[in-house]
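In the working numbering, the protein residues as written are 458 to 1026.
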């Protein structure tokens, strides 16, 4: 029999599983790894030819195809069972190729994140676990060299995030340096366990101040506007304008702001090879989902890519879910199902009773469902700053135009992270928005500001500088993709769905959502006994697996799952 005679979809054997998962995004991959390790039989399907789904890292042609296909109108399959409908999760996709003659020879040499920008902190508690376990020798990441604050004129300032950085910063006056140092000392004094030790002002941060708005506390500390902006948006990483009492979204309390400052400051200089507070995985964020999928496969999970699912099967008597029908025509069965966020189930489906897990039988909403994420990816021929390869840039609210109510974040990555060819750079943009026009305005404003910087720093060889003879001059901006991403809710019942990537720089909220799905699917028998300590260990171990060399970190996460399952059974 020749290859052409082989059936396109080989039959799956066995046909009955404890859990079927559709889509290999990061939350789904975590569920797959944990379920497999807990002794569950898992079938993990993905209609795509690659792992990662909305959390993947793709080449230029693949990411263009993915964005366009997932911004198309909903696709309905026609079947006598419960129809699965795909919904568009991206909209207003703008893809521009400004230098096809340059990019055509490098199209497959890029690893572009669909959900960028994403970074990881060096001082997370999971890193302590990784160091104690000896997994640190297997770490594969590189430092984000600098954090910067930008404005509409194309100027960038370094974030003074350490004592050395404060004293080296030439943009701060002596008074501003002293004010910033005193504030950091106050924070450190507050965090000290020595109750007899007082801050320079003679008091700790009061309980009343901790419950007040962070921006009001900074004003009370008499910090100037420039310092307040740096603390709020580049260190505490607030999403919304903290001084806009009309919008009043995402307002940080002082206690939350202090926690974020503590994490950031503790991350600076923690590792010798990490200059700043942030790190990024080599080959892109898509490697994380693949690592969990590999671990799940080792534990017995069955993987089938390029396998679309046509419909859900419903038990005629109970009206509950019982399985799925594949594009091959085969029916496979399971007790529970986890769907990729691009799928919806339009019809009614009975849910299993959940007397003992009422806290878990509810819809997860990571953020206001009206909020969207405006994202952008650009490929350039030059760095934002000649002496920096990898950096994170913040545009605080109102820094680009008066109506800007959200912070815009830009992550620049270079070839030393294996995400692009030598001599090129990748820029990721993101900002929360309420509607498409607002999101596009935010992206274009940030891009225009950075283009001023690129042009001014590369005026001699940039084609963006107007001249009569541009025939032999290479452009600075080679390629761009701007798009709006929906923020879907995750839910967990007999048929669950995982959330889309959120607008955060880290994975904390997504991991919390994944944990709740795991409680339902794996630990139904004893979910009510899972306490705060268990929650901490889960989050720490998951983050450890994210930050370490893929498989070894997952081992610690998986071993905890197995121990919990055995001890509670």
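Yeah, the Cβ is synthetic: ideal placement off N, Cα and C, and Gly gets one too.
Cβ contact annotation for residue 831 (same chain, cutoff 6 Å, sequence separation greater than five): 888, 890, 896, 899, 900, 941, in chain order. Annotation: residue 904 to residue 727 spans about 32 Å, alpha carbon to alpha carbon. Beta bridge pairing from DSSP links residue 837 with 882, 934.
Rounded to the nearest angstrom, the gap between the Cα atoms of residue 607 and residue 624 is 20 Å.
Annotation: the continuous alpha helix (DSSP H) that includes residue 633 extends over 631 to 648. Residue 858 sits exposed, since fewer than 16 C-beta atoms from the chains shown fall within 10 Å of its C-beta.
With 16 or more other Cβ atoms from the protein chains shown falling within 10 Å of its own Cβ, residue 798 counts as buried. The C-beta of residue 497 has 16 or more other C-beta atoms within 10 Å across all chains shown, which makes the residue buried. No Cβ-Cβ contact shorter than 8 Å links residue 754 with residue 481. Counting along the chain, the unbroken alpha helix (DSSP H) around residue 494 starts and ends at 483 to 494.
Inter-residue distance for residue 936 and residue 553 is about 6 Å (C-alpha atoms, whole angstroms).
Within the DSSP bridge table, the entry for residue 717 names no partner. As computed with DSSP, residue 609 is found in no beta bridge at all.
609 is the residue among 565, 504, 609, 521 whose C-alpha sits nearest the C-alpha of residue 853. Residue pairing by DSSP places residue 779 in no beta bridge whatsoever.
Ranked by Cα distance from residue 867, the options 706, 880, 841 are led by 841. Residue 569 and residue 881 have their alpha carbons spaced roughly 13 Å apart.
Secondary structure of residue 569 (DSSP, three-state): strand. For residue 465, the closest C-alpha among the options 862, 785, 865 is that of 785.
DSSP places residue 691 in the helix class (H, G or I) of the three-state scheme. Comparing alpha-carbon positions, the option among 768, 501, 911 lying closest to residue 539 turns out to be 768. Excluding the 5 residues flanking it on each side, residue 909 has same chain C-beta neighbours closer than 8 Å at 610, 611, in chain order. Residue 685: member of the alpha helix (DSSP H) spanning 682 to 686, first to last residue. If you draw a straight line from the Cα of residue 668 to the Cα of residue 744, it comes to about 39 Å. Taking the Cα positions, residue 636 is about 13 Å away from residue 618. If you draw a straight line from the Cα of residue 865 to the Cα of residue 503, it is about 32 Å long. DSSP places residue 554 within a strand segment (E or B) once states are collapsed to three. For the pair of segments examined, the segment 642 to 649 was found not to touch the segment 679 to 698: the number of CB pairs separated by less than 8 Å stays below three. In this structure, the CA atom of residue 872 is about 19 Å from the CA atom of residue 604. The alpha carbon of residue 884 has as its nearest neighbour, out of 801, 616, 575, 483, the alpha carbon of 575. The C-beta of residue 957 has 16 or more other C-beta atoms within 10 Å across all chains shown, which makes the residue buried.
Residue 791 has its alpha-carbon roughly 15 Å from the corresponding atom of residue 775. In the DSSP secondary-structure assignment, residue 737 is bridged to 599. Residue environment for residue 827: exposed (fewer than 16 other C-beta atoms within 10 angstroms of its C-beta).
With a contact defined as Cβ atoms closer than 8 Å, residue 691 and residue 616 qualify at about 5 Å. Around the Cβ of residue 894, a 10 Å sphere holds fewer than 16 other Cβ atoms; the residue is exposed.
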